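Before any comments, here is the structure.
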Amino acid sequence: MTIGRRTLAALLGLTLLFSFGLAWSGQRQIQRVNILMPAPFADATAELVQRFNRDHRGSIALRVTRGPRDTESISDLAISSLLLGSPPFDALLMDVTWLAKYAAAGWLEPLDSYFEPQEIDALVAGARLGNHYDGVLYRWPLIADVGLLYWRKDLMEAPPRTPDQLSSVGRRLMDDGAVNSGFVWQGRQYEGLSCDFVEMLSAFGGNWLNPQTGEPSLNSSEALEAVGWMRSLIRDGISPKAVTNYSESESLQAFKAGDAALMRNWPYAWAELQKPDSAVRGQVGVTLMVHNAGHQPAATLGSWGLSLLKGSDHPQAVIEAIRFLTSPDAQRERFRNQGYTPTDRSLFRDPEMLELSPILPDLEQALTHAVPRPPTPLYAQLSDVLQRQLSGVLTDDLAVDQAMNKAQINSMTIVEAAGGAS
425 MTIGRRTLAA LLGLTLLFSF GLAWSGQRQI QRVNILMPAP FADATAELVQ
475 RFNRDHRGSI ALRVTRGPRD TESISDLAIS SLLLGSPPFD ALLMDVTWLA
525 KYAAAGWLEP LDSYFEPQEI DALVAGARLG NHYDGVLYRW PLIADVGLLY
575 WRKDLMEAPP RTPDQLSSVG RRLMDDGAVN SGFVWQGRQY EGLSCDFVEM
625 LSAFGGNWLN PQTGEPSLNS SEALEAVGWM RSLIRDGISP KAVTNYSESE
675 SLQAFKAGDA ALMRNWPYAW AELQKPDSAV RGQVGVTLMV HNAGHQPAAT
725 LGSWGLSLLK GSDHPQAVIE AIRFLTSPDA QRERFRNQGY TPTDRSLFRD
775 PEMLELSPIL PDLEQALTHA VPRPPTPLYA QLSDVLQRQL SGVLTDDLAV
825 DQAMNKAQIN SMTIVEAAGG AS
């Protein structure tokens, strides 16, 4: 069946009239924004997304894609889609260690034109770190996150301040039968082990990368001393042998059950420890990791932030969504419901927030000591090398000097193959 010229013209006219009617009535094409997030953050953001879509009905439709829970898996998914050249995502919730790699690859849009300097100044100290690469802003923080030392206020009058004090108080409380373990932390071969290492290395005055040359310093005397102490915690029974299989969740469960006197973990653990099923509810304090005299304590920076991916069709709509998800009200909600640390400095002194959590001043103090992991595009490879050797030491398969010399050699090979220190 053929359509006559007059019929075709009439159909075209109706189409044009319908299109004009939509424009005239104020309707316009909806801008669809898709943000990829790890599963826990996607779940924590679900109600906020619904609220955003109600407020922007008819103009912006925000969708959060729920990615894998594991940090490395979400990065692999993001990179796979970016390598295809046309990713289905407009923005990505990024771990702080990814930024250098993604920015150097040209996958991110600069955000300097979207955020004013005074907005950066309003961030709490640690939240200002890890958002720039080569002086360009590529990430806006969603949460502030640093490593903390949790201690039992019912078992000690004050937390230990040095590595020797930690070992001593842990041993005494075990000998007294107060706890089964003195100190639990993240000793499994994964990124959490690298985070713990940053803090323990700083306790002995060492650096992962030489601050002057940018080259690895993993076989320095300070590094050998730090790793030796980590091993001694297990050998001397202060930490259980099972700690070599502990991630954050296993450490938290042991401490929450009242089995340990001290724990290294992230701020989110505080909310879990205050739940009715916690054996240590109301008996926990937080402080910075122990450190030797003459050295600064370190709190490993572990924040997550939102980045605009290059090639998004609706950059302004994406920025509007990012602003909404990182607003003070959104920060309050995440803190109240999931225990995620806010980024707005003013919220750390807010009476309502302080009533929810009296440890906010301690968190703010810890954030002033935030230390990022090496901000290099090579970070994933360097961390993998370190984790393997540390795991060998902690499981008693490798001697400290043997493992750290190998970590140094392999790290230097990575750096040199990439053209020098980064």
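To get this note's numbering, take the position in the sequence shown, counting from 1, and add 424. Just so you know, even glycine gets a beta-carbon here, dropped at the ideal spot from N, CA and C. Only a predicted model underlies this, so the values are computations on that prediction, with no experimental measurement involved.
Leaving aside the five residues that flank Ser770 on each side, the residues in its chain whose CB is nearer than 8 Å to its CB run, in chain order, Ala546, Pro752. Taking C-alpha positions only, Leu572 is separated from Ala723 by approximately 7 Å. Counting only runs of 4+ residues, the alpha helix (DSSP H) found wholly inside the region 623-687 occupies 645-659, 672-680, in chain order. Here Asp536 is exposed. Its C-beta has fewer than 16 other C-beta atoms within 10 Å. Counting only runs that start and end inside the region 528-589, the alpha helix (DSSP H) elements of at least 4 residues fall at 541-545. Here the alpha carbons of Met687 and Leu590 stand approximately 11 Å from one another. One Cα belongs to Pro739, the other to Asp514, and the distance between them is close to 8 Å. Between Trp564 and Thr750, the C-beta gap is smaller than 8 Å, which places the two residues in contact. Look at the region 699-786 and you find these whole runs of beta strand (DSSP E), each 3 residues long or longer: 708-711, 728-732. Per DSSP, reduced to three states, the secondary structure at Val603 is coil, with no helix or strand assignment. The three-state reading of DSSP puts Thr819 in coil, since its state is none of H, G, I, E or B. Checking the DSSP bridge columns, you'll see Leu460 partnered with Thr489, Leu516. Contact check for Pro691 against Gly763 passes: the beta carbons are separated by less than 8 Å.
For Tyr538 against Ile743, the beta-carbon gap comes to about 5 Å, under 8 Å, which counts as contact.
Asn689 is bridged by DSSP to Leu572. DSSP places Ile833 in the uninterrupted alpha helix (DSSP H) bounded by 824-841. The region 788-797 and the region 569-583 touch, with no fewer than 3 CB-CB distances between them shorter than 8 Å.
Out of Gln805, Ser675, Leu532, Pro782, the CA that lies nearest to the CA of Phe607 is found in Ser675.
Ile658 is classed as buried because its beta carbon has at least 16 other beta carbons within 10 Å across all chains shown. Taking C-beta atoms as the reference points, Phe748 and Met777 fail to come closer than 8 Å. In the three-state scheme derived from DSSP, where H, G and I count as helix and E and B as strand, Ile498 is classed as helix.
Comparing C-alpha distances from Ser605 to each of Gly630, Asp578, Gly559, Gly682 shows the shortest one belongs to Gly682. Taking the C-beta atoms as reference points, Ile484 is found no nearer than 8 Å to Ala754.
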